[in-house]
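Engineer: Chains as they are written, first to last, in the working numbering: chain A, 7 to 205; chain B, 7 to 205.
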DNA sequence: CGGAGTGCTGAA
DNA sequence: TTCAGCACTCCG
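(1) Using the three-state DSSP reduction, which class does residue 105/A fall into: helix, strand or coil?
(2) What's the C-alpha gap between residue 26/A and residue 39/A?
(3) So, for residue 170/B: in the same chain, excluding its five sequence neighbours on each side, which residues have a beta-carbon less than 6 Å away from its beta-carbon?
(4) Under a Cβ-count criterion, where at least 16 other Cβ atoms within 10 Å of its own Cβ denotes burial, should residue 115/B be classed as buried or exposed?
(5) Could you check what DSSP says for residue 164/A in three-state terms: helix, strand or coil?
(6) Along the region 146-178 of chain B, what residues have a CB closer than 9 Å to any CB found in chain A?
(7) At least one CB of chain A closer than 9 Å to the CB of residue 84/B: is that the case?
(8) Relative to chain A, which residues along the region 89-108 of chain B have a C-beta separation below 7 Å, given in chain order?
(9) Over the uninterrupted alpha helix (DSSP H) stretch that includes residue 132/B, give me the two end residues.
(10) Are the beta-carbon atoms belonging to residue 119/A and residue 136/A less than 9 Å from one another?
(11) Under three-state DSSP, which class holds residue 150/A?
(12) Would you mind working out which of 109/A, 123/A, 146/A sits nearest residue 180/A, comparing C-alpha positions?
(13) According to a CB-to-CB cut-off of less than 7 Å, which residues of the region 120-142 of chain B neighbour chain A?
(14) Among 125/B, 99/B, 200/B, which has the Cα closest to the Cα of residue 155/B?
(15) Tell me the DSSP secondary structure of residue 65/A in three-state form.
(16) Please report the distance separating the alpha-carbon of residue 200/A from that of residue 45/B.
(17) Measuring alpha carbon to alpha carbon, tell me which residue in 175/B, 29/B, 198/B is nearest residue 141/B.
(18) Just to confirm, are residue 127/A and residue 148/A a CB contact at a threshold of 9 Å?
(19) I want to see whether chain A comes within less than 9 Å of residue 110/B, judged by CB atoms only; does it?
(20) Output yes if chain A places a C-beta closer than 9 Å to the C-beta of residue 39/B; else output no.
(21) Note down, in chain order, every chain A residue with its Cβ under 8 Å from the Cβ of residue 198/B.
(22) If the cut is a Cβ gap below 7 Å, which residues of chain A does residue 118/B touch?
(23) Please classify residue 33/A: is it buried, with 16 or more other beta-carbons within 10 angstroms of its beta-carbon, or exposed?
(24) Let me make sure I understand the geometry here. Which of 105/A, 146/A, 167/A, 186/A has the alpha-carbon closest to that of residue 132/A?
(25) Using only CA atoms, which one of 30/B, 159/B, 164/B lies nearest to residue 43/B?
(26) Does the distance from the C-beta atom of residue 98/A to that of residue 130/A stay below 9 Å?
(27) Does residue 192/A get closer than 9 Å to chain B when you measure Cβ to Cβ?
(28) Hey, quick one: how far does the beta strand (DSSP E) through residue 41/B stretch, first residue to last?
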């Protein structure tokens with residue numbers, strides 16, 4: 007069966023930026039009927055709309071959190087009563103002293119964190135920070151952004167200002183430069199791989 | 007809303023020995039919807055039936071391969087003509103010299119492999135072995151078992167005896183002792199975690 | 001659990 | 001009879 011593919015282009019009658027797509031049903035009782043889809047930007051298959059997967063060494067898939075600029079409530083927000091049980095303050099401290107080990111049971115050395123990540127709270131060092139960040143990335147489905155309150159206020163009164171849903175680190179601001187640097191790193195890695203594979 | 011949990015028991019309308027289980031989706035866009043499962047023996051929640059996830063530092067989920075003793079064909083076997091394009095011999099060698107680096111671009115040191123893993127083939131060292139094993143774990147959907155041919159024969163005539171679908175390592179035999187040792191390691195790790203969490 | 005794709009159905 | 005709008009299934 008030959009099918010003429012409809013131009014998926016902007017349509018005069020549509021608000022600016024909207025697109026109309028017509029998909030013909032290919033089989034079944036309703037074969038030949040047409041479903042019409044409208045998109046405000048990008049198409050169904052637009053790869054740029056799919057959040058990338060976190061490049062953490064994790065056995066769980068961890069898609070990056072997407073912030074929507076339009077005020078579209080997420081479906082989860084509309085549901086009532088799916089509250090998780092509250093986290094204990096400083097729960098990450100219970101993991102202190104634990105360390106991953108290799109096949110022979112030898113504990114791994116300390117991991118160096120990026121300079122941007124600063125621990126907060128009494129007696130929170132880089133090790134605890136790493137454990138709380140790693141756990142957050144695995145456990146929470148929210149964005150991992152760190153603590154919003156100032157260092158002084160957190161030190162003074164953590165019971166009030168510490169957010170137990172976030173790791174024990176200062177909030178991190180990712181700026182354009184950080185993104186560019188990360189893109190560069192990815193570029194370099196890709197080039198190396200390409201180089202290696204093309205022989 | 008109160009929900010009566012369906013007894014997960016034999017149902018009159020089902021053939022003898024079959025069970026029906028209704029599982030409510032707990033999160034996501036389709037939260038609240040129900041998936042229905044039927045089993046002829048055992049339940050879904052029988053932990054022993056769920057293949058464990060490989061504990062590799064991988065962003066892909068990698069369930070351990072399950073060998074069934076009953077002659078139930080796997081789903082993949084039932085599909086016809088899904089042949090992958092053949093692998094090049096010694097493809098892993100193209101990755102030699104590549105190494106992961108940390109956030110600052112500093113390359114990571116060499117990784118120590120378990121004693122059981124021995125490289126095979128001309129000029130294949132532990133680094134190449136690691137890369138080929140890691141790639142196999144990510145790429146293939148088969149069991150990763152290593153090369154079956156003897157070292158002598160592989161060295162002599164790799165074009166004939168090397169299996170490009172397997173990493174450049176000798177076949178590994180996992181015996182009861184290995185399994186027990188691994189179970190012990192898991193026990194120890196679990197106890198440590200439990201200890202840490204119960205304060 | 002999500003997404004693509006088809007089935008179903010009440011209103012017109 | 002038609003079909004918009006959603007329900008539902010299937011599969012990865």
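We put the beta carbon where it would ideally sit given N, CA and C, even for glycine.
Structural biologist: Working from what's here:
(1) coil
(2) 16 Å
(3) 93, 95
(4) exposed
(5) helix
(6) none
(7) In this predicted model, residue 84/B has a pLDDT of only 34, less than 50, meaning its place in the structure is not dependable; the value taken from the coordinates is given anyway. No, residue 84/B lies away from the interface with chain A (no Cβ there is under 9 Å from its Cβ).
(8) 100, 101, 104, 108
(9) 132-145
(10) yes
(11) coil
(12) 123/A
(13) 120
(14) 125/B
(15) In this prediction, residue 65/A scores a pLDDT of 49, lower than 50, which makes its location untrustworthy; the coordinate-derived value is nonetheless stated afterwards. Three-state result, residue 65/A: coil.
(16) 47 Å
(17) 175/B
(18) no
(19) yes
(20) no
(21) 104
(22) 108
(23) exposed
(24) 105/A
(25) 30/B
(26) yes
(27) no
(28) 40-45
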